[in-house]
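Asker: All letters in the sequence shown, in the order written, are residues 1 to 521 by the working numbering. Heads up, the beta-carbon is just placed ideally off N, CA and C, and yes, glycines get one too. Just dropping this structure here.
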Amino acid sequence: MESFSIGTIDIVIVVVYLLFIIWWGVKNGKSSDAQSYFLAGRSMPWWVVGLSLFAASISSTTLIGQSGDAYDTGLAVFNYNLTGIVVMVFFAVFLLPLYIRSKVFTIPEFLEKRFDKRSRYYFSAICIIGNIFLDAAGALYAAALIIKLVLPEADLQMIIIVFAIIAASYTIPGGLSSAINAELIQAVVLILGSVLLTYFCFQQGGSYFYHLFENDDILVKLIRPLSDNATPWLGMPILGIYFWANNQTLVQRVLSARTIDEGRRGVIFTGFLTMSTLFIIAIPGLIARDLFPGLDKPDMVYPNMVMQLMPVGLLGIMLAALLSALTSTISAILNSTSTLFTMDFYAKFNKHADTKKLVLVGKIASCVIILLAALWAPQIGKFGSLLKYYQEMLSYISPPIVAAFLLGIFNKRVNGDGAFMGLILGLVVAVLLLFFKNTVFGDLHFLLMVPFLLIFSIMVIYVSSFFYAAPGKDKLTDTTFSFSDLKEEYVTLKTVVWYKNYQVWAGVLLVLSALIWIIFQ
Numbered sequence: 001m002e003s004f005s006i007g008t009i010d011i012v013i014v015v016v017y018l019l020f021i022i023w024w025g026v027k028n029g030k031s032s033d034a035q036s037y038f039l040a041g042r043s044m045p046w047w048v049v050g051l052s053l054f055a056a057s058i059s060s061t062t063l064i065g066q067s068g069d070a071y072d073t074g075l076a077v078f079n080y081n082l083t084g085i086v087v088m089v090f091f092a093v094f095l096l097p098l099y100i101r102s103k104v105f106t107i108p109e110f111l112e113k114r115f116d117k118r119s120r121y122y123f124s125a126i127c128i129i130g131n132i133f134l135d136a137a138g139a140l141y142a143a144a145l146i147i148k149l150v151l152p153e154a155d156l157q158m159i160i161i162v163f164a165i166i167a168a169s170y171t172i173p174g175g176l177s178s179a180i181n182a183e184l185i186q187a188v189v190l191i192l193g194s195v196l197l198t199y200f201c202f203q204q205g206g207s208y209f210y211h212l213f214e215n216d217d218i219l220v221k222l223i224r225p226l227s228d229n230a231t232p233w234l235g236m237p238i239l240g241i242y243f244w245a246n247n248q249t250l251v252q253r254v255l256s257a258r259t260i261d262e263g264r265r266g267v268i269f270t271g272f273l274t275m276s277t278l279f280i281i282a283i284p285g286l287i288a289r290d291l292f293p294g295l296d297k298p299d300m301v302y303p304n305m306v307m308q309l310m311p312v313g314l315l316g317i318m319l320a321a322l323l324s325a326l327t328s329t330i331s332a333i334l335n336s337t338s339t340l341f342t343m344d345f346y347a348k349f350n351k352h353a354d355t356k357k358l359v360l361v362g363k364i365a366s367c368v369i370i371l372l373a374a375l376w377a378p379q380i381g382k383f384g385s386l387l388k389y390y391q392e393m394l395s396y397i398s399p400p401i402v403a404a405f406l407l408g409i410f411n412k413r414v415n416g417d418g419a420f421m422g423l424i425l426g427l428v429v430a431v432l433l434l435f436f437k438n439t440v441f442g443d444l445h446f447l448l449m450v451p452f453l454l455i456f457s458i459m460v461i462y463v464s465s466f467f468y469a470a471p472g473k474d475k476l477t478d479t480t481f482s483f484s485d486l487k488e489e490y491v492t493l494k495t496v497v498w499y500k501n502y503q504v505w506a507g508v509l510l511v512l513s514a515l516i517w518i519i520f521q
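Quick look at the structure:
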């Protein structure tokens with residue numbers, strides 16, 4: 001692995017930054033009761049929700065993985081984010097109000113309110129396993145890759161443990177409040193650092209990008225035929241719904257909003273921030289093809305850009321920005337996973353536990369979770385590109401879950417028995433695909449398999465539900481979509497000044513997304 005030198009001033013900047021984040025997170029933590037510890041007291045304004053959501057979403061799979069994929073196959077990888085923006089609007093309009101009105105702590109808890117406890121336990125277990133072995137371990141591994149560039153002789157496992165301790169040092173004592181307040185700083189540093197990196201990247205290799213764009217090169221096309229194996233787009237909206245609307249790590253930040261409107265505006269704000277990743281992550285990764293040709297591992301593109309393009313002083317800021325993305329992700333996953341275990345399992349097991357006991361159990365769970373992630377993280381290097389590792393695993397387990405949520409919210413006849421049947425059969429199919437994918441689907445890209453899995457799950461859930469009694473009214477209150485609620489909301493928003501109307505900004509976001517698809521078609 002190629003190594004790079006780093007000046008004393010840059011090391012000082014990184015160390016001071018990390019110490020400041022730990023101090024700031026601990027200072028702003030709240031752990032007096034379960035609602036404060038797990039949901040920051042449900043008191044966050046829209047801009048805090050938006051920045052926190054953005055910082056938590058920019059994980060190793062985004063920063064390291066997407067720049068690496070852009071280097072390897074072009075800008076088509078940005079379709080993950082662009083379809084995600086459309087999903088955010090869908091989430092804000094239809095799903096978010098139900099989540100907040102139902103007063104849930106976790107997204108699996110919503111499944112219990114709509115269906116039954118079996119679906120809750122299943123989904124929570126899947127989330128916990130995925131958070132530990134996919135998300136947290138992936139973020140720790142990405143952080144270790146960066147440090148290995150500067151200190152190639154350092155032990156990979158030791159680096160991972162150090163970063164685990166950094167994220168845990170403020171997240172475990174202070175809960176979601178600590179994580180969110182740290183993420184505010186991390187989001188600002190990440191955006192500013194990425195803008196600086198993009199500037200230096202264009203300064204040295206911008207002509208290469210303009211040449212590709214003027215010649216209508218395939219590398220700058222977002223819309224490609226489904227036969228293109230780089231990033232077939234067909235399954236992306238489904239994965240986007242799972243990532244943005246069913247993912248406890250991200251939705252937990254939305255649940256911390258003080259009102260439904262604040263939560264919605266926060267999600268739309270995140271959409272605008274996510275749109276910027278085309279210019280600060282994907283395009284620089286594409287330009288790196290010209291600046292650093294022939295890199296063996298695409299995951300090393302972003303670290304190479306940081307280490308070779310940034311001047312002394314600014315390198316420290318950029319490393320701080322890069323580590324911001326990684327530590328904020330680890331922190332977010334750690335808090336959300338402990339919330340899942342505590343509220344979905346322990347609180348059910350010990351129904352008499354008071355709020356202080358729940359907080360204590362959440363802290364103990366966090367310690368175990370971060371330890372497991374740290375021990376598994378070195379294994380991720382065996383799976384090639386981080387983004388492909390993450391997305392392929394996700395593509396197998398998410399369609400049945402998305403099917404359960406969509407049918408549960410938009411169809412009042414679907415019941416708990418049908419949902420559980422669909423979830424279990426979907427899991428069986430996912431396990432079979434891990435072992436017999438090539439036998440059944442040949443070389444079909446995993447993103448093209450996602451719609452098949454979704455349709456299969458929808459059919460199982462819908463048909464199975466008719467063999468059992470219709471759900472009672474208690475299962476449909478604050479858990480199902482209502483056109484009358486949407487109409488009433490539209491009338492109310494007519495009296496709101498335009499710049500405070502989330503629907504106006506949602507429309508702007510969709511128009512800008514369409515323009516980007518047109519420009520890079």
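1. Measuring only the C-alpha atoms, how far is V150 from A56?
2. Counting only the same chain and skipping the five closest in sequence on each side, list residues whose C-beta sits under 6 Å from that of T277.
3. Thinking C-alpha only, which one of F105, Y99, G240 and A143 is nearest S328?
4. Is it buried or exposed for N215, if we count other Cβ within 10 angstroms and need 16 for buried?
5. Quick one: residues in its chain with C-beta nearer than 7 Å to the C-beta of S336, no 5 flanking neighbours on either side, listed in chain order?
6. Does M530 come out as helix, strand or coil in the three-state DSSP assignment?
7. Within this structure, are the beta carbons of P400 and L423 separated by less than 7 Å?
8. Which value, in whole angstroms, describes the spacing of the CA atoms of I317 and P303?
9. Restricting to runs no shorter than 4 residues, where is the alpha helix (DSSP H) found entirely within the segment 52-114?
10. Quick check on the DSSP output: the alpha helix (DSSP H) that includes V14 runs from which residue to which?
11. Would you kindly work out how many angstroms separate the C-alpha atoms of L486 and E262, rounded to a whole number?
12. Using DSSP with H/G/I as helix, E/B as strand and the rest coil, what is M1?
13. Determine the extent of the alpha helix (DSSP H) in which Q379 is found, giving its start and end residues.
14. Determine the DSSP secondary structure at A257, reduced to helix, strand or coil.
15. Measuring straight from C-alpha to C-alpha, what distance separates M1 and K363?
16. Considering only C-alpha positions, which residue in the set A430, F243 and S102 is nearest to T524?
17. Can you tell me where the alpha helix (DSSP H) holding E183 begins and where it ends?
18. Within 10 angstroms of its Cβ, does P311 collect 16 or more other Cβ (buried), or is it exposed?
19. Give a yes or no on whether the C-beta atoms belonging to F481 and I409 are separated by under 7 Å.
20. Taking contact to mean at least 3 C-beta pairs separated by less than 8 Å, is the segment 69-89 in contact with the segment 501-520?
21. Grouping DSSP H, G and I as helix and E and B as strand, with all else coil, what is A321?
22. For L295, which three-state DSSP category applies?
23. Using a Cβ-Cβ cut-off of 6 Å (strictly less than) and excluding sequence neighbours within five positions of W46, which residues of its own chain qualify?
24. Is it right to say M44 is buried, meaning 16 or more other beta carbons lie within 10 angstroms of its own, or is it exposed?
25. With a Cβ-Cβ cutoff of 7 Å, do Q157 and P378 count as a contact?
Answerer: Taking the geometry as given:
1. Numbered from its first residue, the sequence shown carries residue 150 at position 150. Numbered from its first residue, the sequence shown carries residue 56 at position 56. C-alpha separation (whole angstroms): 25 Å.
2. Your numbering for residue 277 matches position 277 in the sequence shown. For T277, where only same-chain residues beyond five positions count, the Cβ hits under 6 Å are N81.
3. The sequence position of residue 328 within the sequence shown is 328, counting from 1. Minimum Cα distance to S328 is reached at A143.
4. Taking the first residue of the sequence shown as position 1, residue 215 is located at position 215. Classification of N215: exposed, given that the 10 Å Cβ count is below 16.
5. Within the sequence shown, residue 336 is the residue found at index 336, counting from 1. Within the same chain, S336 has close Cβ partners N131, Q248, T249 and Q252.
6. Outside the displayed range of the chain (1 to 521) lies residue 530, so it cannot be described from this structure.
7. Numbered from 1 along the sequence shown, position 400 holds the residue referred to as residue 400. Numbered from 1 along the sequence shown, position 423 holds the residue referred to as residue 423. Yes, the pair counts as a contact, with Cβ atoms nearer than the cut-off.
8. Counting from 1 along the sequence shown, the entry for residue 317 is found at position 317. Counting from 1 along the sequence shown, the entry for residue 303 is found at position 303. Between I317 and P303, the C-alpha separation is close to 13 Å.
9. 60-73, 79-90, 96-101 and 107-114
10. If you number the sequence shown from 1, residue 14 lands on position 14. Per DSSP, V14 belongs to the alpha helix (DSSP H) from T8 to K27.
11. Sequence index remark: in the sequence shown, residue 486 carries index 486 (1-based). Sequence index remark: in the sequence shown, residue 262 carries index 262 (1-based). Taking the straight line from one Cα to the other gives about 17 Å.
12. For the purposes of this step, residue 1 is taken as the residue at position 1 of the sequence shown. Any reading at M1 must be qualified, since the residue scores a pLDDT of 49, below 50, and its modelled position is unreliable; no value is offered.
13. As a first step, residue 379 is located in the sequence shown; it is residue number 379 there, counting from the start. It is not in any alpha helix (DSSP H) - Q379 carries neither H nor E in the DSSP assignment.
14. Locating residue 257 in the sequence shown gives position 257, where the first residue counts as 1. It is a strand residue.
15. For this step, residue 1 is matched to residue 1 along the sequence shown. For this step, residue 363 is matched to residue 363 along the sequence shown. Here M1 scores only 49 on pLDDT, less than 50, and its place in the model should not be relied on; the value that follows carries that caveat. About 37 Å.
16. Nothing in the structure corresponds to residue 524, since the chain is present only between 1 and 521.
17. Looking up residue 183 in the sequence shown gives position 183. Segment L156 to E214, the alpha helix (DSSP H) holding E183.
18. What you label residue 311 is simply residue 311 of the sequence shown in a count that begins at 1. Under this definition P311 is an exposed residue.
19. As a first step, residue 481 must be located in the sequence shown, where it is residue number 481. As a first step, residue 409 must be located in the sequence shown, where it is residue number 409. It is a contact, given that the beta carbons lie within the stated cut-off.
20. yes
21. Position 321 of the sequence shown, counting from 1, holds the residue named residue 321. DSSP places A321 in helix when its eight states are reduced to three.
22. Here residue 295 refers to the residue found at position 295 of the sequence shown. In the structure shown, L295 sits in coil (DSSP, three-state: anything other than H, G, I, E or B).
23. Translated into the one-based positions of the sequence shown, residue 46 becomes position 46. Excluding residues within five positions, the ones whose Cβ falls inside 6 Å are E262, R265 and G266.
24. Your numbering for residue 44 matches position 44 in the sequence shown. M44 is buried by the Cβ-count criterion.
25. Along the sequence shown, one-based indexing puts residue 157 at 157. Along the sequence shown, one-based indexing puts residue 378 at 378. Their beta carbons are under 7 Å apart, which means Q157 touches P378 by this criterion.
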